[in-house]
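Be aware that the sequence shown starts at 72, since it is given in this note's numbering, and climbs by one per residue.
The beta carbon of each residue, even a glycine, is placed where N, CA and C say it ideally should be.
These figures come from a predicted structure and were not determined experimentally.
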Amino acid sequence: MLQNIKEVPVYLFTGFLEAGKSKFIAETMQDPGFNDGTRKILIITCEEGEEELLPDMFSDNVSFASFDDEQRITPDRLSAMQKRAGADIIVIEYNGMWMLDRLYNAMPENFLVYQEIMIADSGTILSYNQNMRQLVVDKLTSCEMVVFNRTTEETDRMPLHKLVRGVSRKANICYEDINGEIDFDDIEDPLPYDVNSPVINIEDIDFAIFYRDMSEDFEKYNGKKVRFKGITALDPSLPESHYAIGRHIMTCCAEDIAYRGLVAKGMGGLDIKTRDWVIVEGTLGVEYSKLYKAKGPVITVEKVVRADKPIEEVATFY
């Protein structure tokens with residue numbers, strides 16, 4: 072019962088060591104719109120960089136706590152830290168080498184993440200992505216904004232833009248130069264297919280992008296006719312002539328490959344079995360399905376033909 076429990080706003084800053092999280096937090100704390108000097112703020116740090124957040128940098132309404140081991144992050148400890156500080160607001164500077172699930176699963180029920188921002192050094196983030204992609208994807212997946220700092224006139228923004236858009240189409244992107252000036256991303260991000268064509272044709276290499284965009288903004292596709300190749304799956308929860316069709320999608324690495332599909336109705340005269348590769352064409356709509364246990368996307372199949380498996384069976388965002 073949360074009726075009598077005060078909601079605690081949490082502002083979460085993620086990124087890798089020396090990315091500039093501490094500097095960004097310090098600047099945020101100096102904004103009177105965020106820190107009015109009266110509400111008590113608890114800053115929880117999870118790593119120590121060259122630029123530390125120290126108590127003498129802030130007014131008396133700001134207190135500190137820390138974790139040096141991700142295994143110690145528990146609901147009881149987080150709740151105790153908040154109560155001990157009497158905090159109205161919590162700011163967390165999270166360790167980039169720790170997966171975010173650890174923190175989110177440990178959040179007390181009255182903790183609510185109001186904003187999650189990833190801070191990235193524009194000069195090193197692509198190297199991190201090449202060598203530690205799972206950790207980079209982990210931070211990009213749920214953040215609302217990515218701040219690429221330490222940019223110069225020579226910084227090529229396109230690879231940075233593509234890095235974010237390869238994981239999230241929702242996150243805002245901004246670039247902060249070495250003088251602290253911020254410029255918001257204005258790179259157009261067209262889909263690799265025409266959503267306004269009579270039949271939206273999804274190439275094999277674009278299925279992951281299609282599935283994610285459809286999941287995030289289904290109204291764009293509702294009532295539209297689409298054609299794509301997928302692998303079928305029969306499920307006992309589905310009525311006759313219904314099946315799932317989709318692809319295995321990899322977000323960042325082999326460990327996160329998962330089948331993602333939508334309900335199809337109408338076999339078009341084919342005797343479809345699980346793991347058949349087919350090309351379907353039909354109209355997208357929303358219906359209740361036992362497979363989703365809720366309303367979800369359903370394609371009413373008008374044409375279906377057998378197909379060869381694609382060159383790359385696992386769909387990716389690259």
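How many whole angstroms separate the CB atoms of residue i and residue j, which I take to be in contact at a CB cut-off of 8 Å?
i      : j      : result
Ile114 : Val81  : Ile114 to Val81, Cβ: 11 Å. No contact.
Ala315 : Leu355 : That pair is no contact at about 14 Å.
Val218 : Ala242 : The pair is not a contact, with the Cβ atoms about 10 Å apart (cut-off 8 Å).
Leu374 : Glu352 : According to the sequence as given, residue 374 is Lys; it is not Leu. With 8 Å as the limit, Lys374 and Glu352 qualify as a contact, their Cβ atoms being about 4 Å apart.
Ala304 : Gly332 : 7 Å
So the candidates are the options; which of them puts its Cα closest to the Cα of residue i?
i      : options                        : result
Asp327 : Leu174, Ala386, Lys366, Lys364 : Ala386
Ile350 : Pro179, Ile112, Asp275, Lys300 : Lys300
Val372 : Val238, Leu341, Ala365         : Leu341
Asn293 : Pro368, Met321, Ala177         : Pro368
Met224 : Leu197, Ile253, Leu206         : A small correction: the amino acid at residue 224 is Glu; Met does not occupy that position in the sequence shown. The residue with the shortest Cα to Cα distance from Glu224 is Ile253.
Pro60  : Asp139, Phe138, Ile112         : It is not possible to answer for residue 60, since the shown part of the chain is limited to 72 through 389.
Gln205 : Arg228, Met178, Met168, Glu215 : Met168
Asp139 : Lys336, Gly120, Ile273, Lys154 : Gly120
Thr212 : Pro179, Asp172, Leu197, Asp227 : Asp172
Glu290 : Met229, Asn267, Ile258, Leu174 : Asn267
Asn132 : Glu122, Pro103, Ala151, Glu259 : Pro103
Short check: CB of residue i to CB of residue j, under 7 Å?
i      : j      : result
His319 : Tyr330 : yes
Arg346 : Ile302 : yes
Arg110 : Asp159 : yes
Glu78  : Leu183 : yes
Phe135 : Met100 : no
Tyr199 : Phe87  : yes
Phe84  : Ile188 : yes
Ile276 : Val297 : no
Pro244 : Val238 : Here residue 244 is Ile; the residue named in the question, Pro, does not match the sequence. No. Outside cutoff.
Thr116 : Glu180 : no
Thr226 : Ser193 : yes
Ala335 : Ile370 : yes
Ile249 : His232 : no
Glu215 : Asn166 : no
Give the secondary structure of residue i by DSSP, where H, G and I count as helix, E and B as strand, and everything else as coil.
i      : result
Met216 : strand
Met338 : coil
Glu187 : strand
Thr99  : helix
Arg377 : strand
Ser198 : helix
Ile114 : strand
Asn21  : The structure shown does not extend to residue 21, since the chain is modelled only from 72 to 389, so the question has no answer here.
Val266 : coil
Met72  : Unreliable placement is indicated for Met72, whose pLDDT of 43 sits below 50; the coordinate value is still reported in the next sentence. Of the three classes helix, strand and coil, the one that applies to Met72 here is coil, per DSSP.
Pro179 : coil
Phe388 : coil
Lys77  : coil
Tyr359 : strand
Lys241 : coil
Asp327 : helix
Tyr282 : helix
Pro368 : strand
Since residue i sits in a beta bridge, which residues does DSSP pair it with?
i      : result
His232 : According to DSSP, which records beta bridges pairwise, His232 is partnered with nothing at all.
Val207 : DSSP lists no partner for Val207.
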